[in-house]
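Take the sequence shown: its letters are residues 1130 to 1236, numbered as in this note's numbering.
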Amino acid sequence: MYRTRLWGEQYVQLAPGVAAAIAPYVGSEPQDIHELVMSLDMWPEQIRPAPIQGWGGRLIPGDPVLLDANDAGMYFEAGTAGRTPVFVRWSRVRRIEVLRRERSLGA
């Protein structure tokens, strides 16, 4: 069961529109947020991203998906369609970093 549990820092993908919800909490403009790198004190077991194929055909956990954020915390996709999103309080976040969108020089 622990083979699919997330550990340590994870790339976090954003569901459509979530950049606007997370922006005030990470000090960035929504249009600049591409992904997040996040570390929690412990990733909830219910957050189970679909596995992706790594080198040599080995399956590795995919990236968690952030669905929403508010003053209390964040909601992540549970990993199985139809399951209730998983709530994580801000107090459980060890580190969060914004991976910014690349902009062309003319923009």
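Beta carbons are placed, not taken as given, at the ideal position from N, Cα and C, and that holds for glycine.
Just so you know, the alpha carbons of R1187 and P1173 end up roughly 23 angstroms apart.
Membership of I1225 in the beta strand (DSSP E) is indicated by the continuous run 1222–1229.
With respect to the 8 angstroms criterion, S1168 and R1223 are classified as neighbours on the basis of their beta carbons.
When the five nearest sequence neighbours on each side are left out, the beta carbons in the same chain lying within less than 6 angstroms of the beta carbon of I1151 are those of A1198, in order along the chain.
Going by DSSP, A1198 is part of the beta strand (DSSP E) stretching over 1194–1198. In this structure, V1227 sits near I1162, with a CB-CB distance shorter than 8 angstroms.
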